[in-house]
Amino acid sequence: MNVYDSERMADVLAPIGYAPVETPDQADLVILNTCHIREKAAEKVYSELGRIRQHKEANKPEMKVAVAGCVAQAEGAEIMRRAPVVDMVLGPQTYHKLPEMIAKVHRKSGEVLETEFDTIEKFDSLPKTRNVKGFSAFLTVQEGCDKFCTFCVVPYTRGAEVSRPVDQIVMEARDLAAQGVREITLIGQNVDAYHAEGPDGSEWGLGELIRHVALIGGIDRIRFTTSHPRDMDDALIKVIGEEPKLMPYLHLPIQSGSNKILRAMNRDHTYDHYKQLIAKIRAARPEIALSGDFIVGFPGETEADFEQTMKCVEEIGYASSFSFKYSIRPGTPGASMHRQVPEDVKQDRLVRLQALLYKQQEDHNKSLIGKTLSVLVEGKGRKGGQLFGRSPYLTGTHFDGPEALIGQIVDVRIEEAGRNSLVGVLV
Ligand code: SAM
Ligand code: SF4
Numbered sequence: 001m002n003v004y005d006s007e008r009m010a011d012v013l014a015p016i017g018y019a020p021v022e023t024p025d026q027a028d029l030v031i032l033n034t035c036h037i038r039e040k041a042a043e044k045v046y047s048e049l050g051r052i053r054q055h056k057e058a059n060k061p062e063m064k065v066a067v068a069g070c071v072a073q074a075e076g077a078e079i080m081r082r083a084p085v086v087d088m089v090l091g092p093q094t095y096h097k098l099p100e101m102i103a104k105v106h107r108k109s110g111e112v113l114e115t116e117f118d119t120i121e122k123f124d125s126l127p128k129t130r131n132v133k134g135f136s137a138f139l140t141v142q143e144g145c146d147k148f149c150t151f152c153v154v155p156y157t158r159g160a161e162v163s164r165p166v167d168q169i170v171m172e173a174r175d176l177a178a179q180g181v182r183e184i185t186l187i188g189q190n191v192d193a194y195h196a197e198g199p200d201g202s203e204w205g206l207g208e209l210i211r212h213v214a215l216i217g218g219i220d221r222i223r224f225t226t227s228h229p230r231d232m233d234d235a236l237i238k239v240i241g242e243e244p245k246l247m248p249y250l251h252l253p254i255q256s257g258s259n260k261i262l263r264a265m266n267r268d269h270t271y272d273h274y275k276q277l278i279a280k281i282r283a284a285r286p287e288i289a290l291s292g293d294f295i296v297g298f299p300g301e302t303e304a305d306f307e308q309t310m311k312c313v314e315e316i317g318y319a320s321s322f323s324f325k326y327s328i329r330p331g332t333p334g335a336s337m338h339r340q341v342p343e344d345v346k347q348d349r350l351v352r353l354q355a356l357l358y359k360q361q362e363d364h365n366k367s368l369i370g371k372t373l374s375v376l377v378e379g380k381g382r383k384g385g386q387l388f389g390r391s392p393y394l395t396g397t398h399f400d401g402p403e404a405l406i407g408q409i410v411d412v413r414i415e416e417a418g419r420n421s422l423v424g425v426l427v
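Residue numbers for the sequence shown follow my numbering, so the first one is 1 and each next one is one higher.
The following block contains the structure:
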């Protein structure tokens with residue numbers, strides 16, 4: 001979502017004469033779009049600001065600096081206090097106000113801090129046309145979250161769950177298609193919670209929205225992320241089974257295989273519920289590949305709980321995954337829970353879990369050898385004459401072919417597979 005937000009900030013700034021540059025040294029304005037999800041991500045902001053300050057003082061005193069995103073939302077004025085180099089602080093729901101904030105900074109009229117939650121106003125105010133590069137684009141359909149998992153900052157930094165109107169999304173998707181985009185990923189913190197009034201006046205969920213976006217000429221591939229096991233309903237599973245433009249790849253995080261830990265995380269589902277859901281999805285779309293998020297070392301997690309997570313991974317089988325050590329986030333219920341897990345135990349569990357997940361990822365890729373996959377060609381590969389694209393499972397795929405194929409969807413027979421990429425030949 002930060003990728004999407006950064007692109008939209010560039011769209012907001014284009015009419016007042018700003019264009020993206022490659023490095024901060026070339027910039028008149030630097031915006032750090034930040035992530036607060038884990039401590040490491042948040043801390044990086046301050047080290048980056050230190051580097052920017054040195055550059056500004058040495059070479060470009062007139063350069064302006066903004067901190068945007070969820071660290072900005074969570075820490076607000078504290079950022080300006082800790083890092084006086086910062087001219088503007090803006091949360092994720094206020095970046096449409098960047099032009100007026102910049103004007104204020106140039107007029108030197110007081111503190112420039114915007115951390116209101118007005119998601120609707122933001123989307124209504126964003127430019128109707130996006131400036132996209134490439135053939136695959138993100139499209140935010142829903143923002144914020146009402147789930148309040150006890151480890152997570154999202155409900156505090158992105159605010160309550162808000163869905164964008166159908167016609168606004170369709171207009172944006174059409175604009176993307178007109179610019180040559182072939183693949184759209186519908187995104188939201190809890191994208192399955194999408195609900196809005198459809199053109200027929202009835203309440204639409206994500207399934208109806210996907211079917212509608214699939215009707216847009218030029219859009220040949222659709223993905224959506226991130227799903228929550230609580231909100232994935234039968235209507236959506238039916239669409240997963242029936243809509244050919246939907247890629248057979250689903251990111252459905254479980255976080256832990258232990259029911260005790262899932263309860264403590266306030267996930268509102270059990271491992272059995274998740275397993276049944278996966279069985280239904282696989283029945284509807286047998287070729288589907290799964291991806292998941294996992295947290296190890298949540299407060300109170302014992303070795304036996306961790307073993308349940310390992311068992312879950314073995315039983316379900318993942319084609320790709322994201323796994324993390326639990327990171328204490330200030331202000332979340334998890335931060336004040338007893339029985340925090342020592343760092344070395346978290347590290348040991350993460351290493352064991354990742355060994356299993358990476359093995360599954362490699363096995364999945366190897367199972368594709370000999371198969372023909374459709375690949376959306378994104379650009380040139382590293383070697384001369386080589387092209388690079390993405391398989392339906394998002395795997396980077398290399399093969400030889402003419403540059404004229406860039407932007408097209410072609411068939412590639414897979415001949416080699418590693419953990420992170422595939423190599424094949426054009427058929
Ligand atoms: N809404 C999605 C869901 O419920 O699965 C995920 C949103 S979150 C931006 C992405 C992932 O970051 C989560 O699935 C979780 O695994 C991880 N995460 C969130 N808070 C974390 C924390 N405090 N420590 C470690 N990982 C965390
Ligand atoms: Fe965070 Fe996802 Fe839980 Fe919402 S559902 S609180 S975004 S982990």
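Every residue gets a Cβ at the ideal spot worked out from N, C-alpha and C, and that includes glycine.
Output the residues surrounding the ligand SF4, defined as those with a CB atom closer than 6 Å to any ligand heavy atom, in chain order. That query returns the following residues: Cys145, Lys147, Phe148, Cys149, Cys152, Val154, Pro155, Gln189, Asn190 and His228.
Would Ala58 be called buried (16 or more neighbouring beta carbons within 10 Å of its own) or exposed? For the purposes of this step, residue 58 is taken as residue 58 along the sequence shown, with counting starting at 1. So Ala58 ends up on the exposed side.
Reference Ile261; option with closest CA among Arg230, Gly180, Met232 and Glu307: What you label residue 261 is simply residue 261 of the sequence shown in a count that begins at 1. Here the closest residue by C-alpha is Glu307.
The ligand SAH heavy atom lying under 7 Å from the CB of Phe324: This structure simply doesn't include the ligand SAH; it includes the ligand SAM and the ligand SF4 instead.
Gly134 to His228 span [Cα, whole Å]: Along the sequence shown, read from residue 1 onward, the residue named residue 134 stands at position 134. Along the sequence shown, read from residue 1 onward, the residue named residue 228 stands at position 228. Approximately 29 Å, taken between the alpha carbons.
Grab me the residues of Thr332's own chain with a C-beta within less than 7 Å of its C-beta, minus the 5 sequence neighbours each way, in chain order. Here residue 332 corresponds to residue number 332 of the sequence shown, with the count starting at 1. Same-chain partners within the cutoff: Thr150, Phe151, Cys152 and Val153.
Can you find a heavy atom of the ligand SAM that lies under 7 Å from the Cβ of Thr94? Along the sequence shown, read from residue 1 onward, the residue named residue 94 stands at position 94. Relative to the ligand SAM, Thr94 has its C-beta separated by 7 Å or more from all heavy atoms.
Which partner residues does Phe224 have in the DSSP bridge list? Here the question's residue 224 lines up with position 224 in the sequence shown. Under DSSP, the beta-bridge partners assigned to Phe224 are Leu186.
Between the Cα of Glu43 and those of Gln54, Cys70 and Lys56, spot the shortest distance and give me the residue it belongs to. Residue mapping note: residue 43 aligns to position 43 of the sequence shown, counting from 1. Considering only alpha carbons, the answer is Cys70.
Unbroken stretches of the beta strand (DSSP E), 3 residues or longer, contained in the region 101-149: 112-114 and 136-140, all fully within the region 101-149.
Option nearest Gly418 by Cα separation, candidates Lys366, Lys380, Gln347 and Pro392: Position 418 of the sequence shown, counted from the first residue, corresponds to residue 418. Taking only the C-alpha atoms, the option nearest Gly418 is Lys366.
Give the range of the beta strand (DSSP E) segment to which Tyr451 is assigned. With the chain covering 1 to 427 only, the question about residue 451 has no answer from this structure.
Report back the beta-carbon spacing between Ala319 and Gln361 to the nearest angstrom; my notes put them in contact at under 8 Å. Within the sequence shown, the letter at position 319 stands for residue 319. Within the sequence shown, the letter at position 361 stands for residue 361. Separation of the CB atoms of Ala319 and Gln361 is rounded to 6 Å, and the pair is thereby assigned contact status at 8 Å.
From the DSSP output, read off the bridge partner residues of Gln386. Here residue 386 is taken as the residue at index 386 of the sequence shown, counted from 1. Partner(s): Asp400.
Tell me the rounded alpha-carbon separation between Gln26 and Lys371. Looking up residue 26 in the sequence shown gives position 26. Looking up residue 371 in the sequence shown gives position 371. Between Gln26 and Lys371, the C-alpha separation is close to 46 Å.
Cβ atoms of His195 and Thr226: under 8 Å apart, would you say? In the sequence shown, residue 226 corresponds to position 226, counting from 1. In the sequence shown, residue 195 corresponds to position 195, counting from 1. Using a Cβ distance threshold of 8 Å, Thr226 and His195 do not count as a contacting pair.
Ser327 Cβ short of 7 Å to the ligand SAM heavy atom set: As a first step, residue 327 is located in the sequence shown; it is residue number 327 there, counting from the start. Yes; taking the cut-off as 7 Å, the Cβ of Ser327 has a heavy atom of the ligand SAM nearer than that.
Is the beta carbon of Val410 sitting closer than 8 Å to the one on Val425? The residue you call residue 410 lines up with position 410 of the sequence shown. The residue you call residue 425 lines up with position 425 of the sequence shown. Result no, Cβ atoms of Val410 and Val425 do not sit closer than 8 Å.
Met88, enclosing beta strand (DSSP E) - first and last residue: Taking the sequence shown and counting its residues from 1, the one referred to as residue 88 is at position 88. Bounds of the beta strand (DSSP E) holding Met88 are Met88 to Leu90.
Using 8 Å for Cβ pairs, my map puts Tyr95 next to Ala68. What's the rounded Cβ distance? Mapped onto the sequence shown, residue 95 falls at position 95. Mapped onto the sequence shown, residue 68 falls at position 68. With a Cβ gap of about 6 Å, Tyr95 and Ala68 count as contacting.
Terminal residues of the continuous beta strand (DSSP E) containing Phe322? One-based indexing of the sequence shown puts residue 322 at position 322. Unbroken beta strand (DSSP E) run through Phe322: Ser320 to Lys325.
Below 8 Å, how does it come out for the region 182-189 and the region 213-222: are there three or more Cβ pairs, yes or no? Contact between the region 182-189 and the region 213-222 is present, with at least three C-beta pairs closer than 8 Å.
Identify every residue that forms a DSSP beta bridge with Arg413. Counted from its first residue, the sequence shown places residue 413 at position 413. DSSP lists Thr372 and Val425 as partners of Arg413.
Around the C-beta of Lys122, are 16 or more other C-beta atoms found within 10 angstroms, so that it is buried, or is it exposed? Position 122 of the sequence shown, counted from the first residue, corresponds to residue 122. Lys122 should be labelled buried.
Please report the residue range of the alpha helix (DSSP H) in which Ser291 lies. Mapped onto the sequence shown, residue 291 falls at position 291. Looking at the DSSP string, Ser291 is not in any alpha helix (DSSP H); the run it does join, the beta strand (DSSP E), is Ala289 to Val296.
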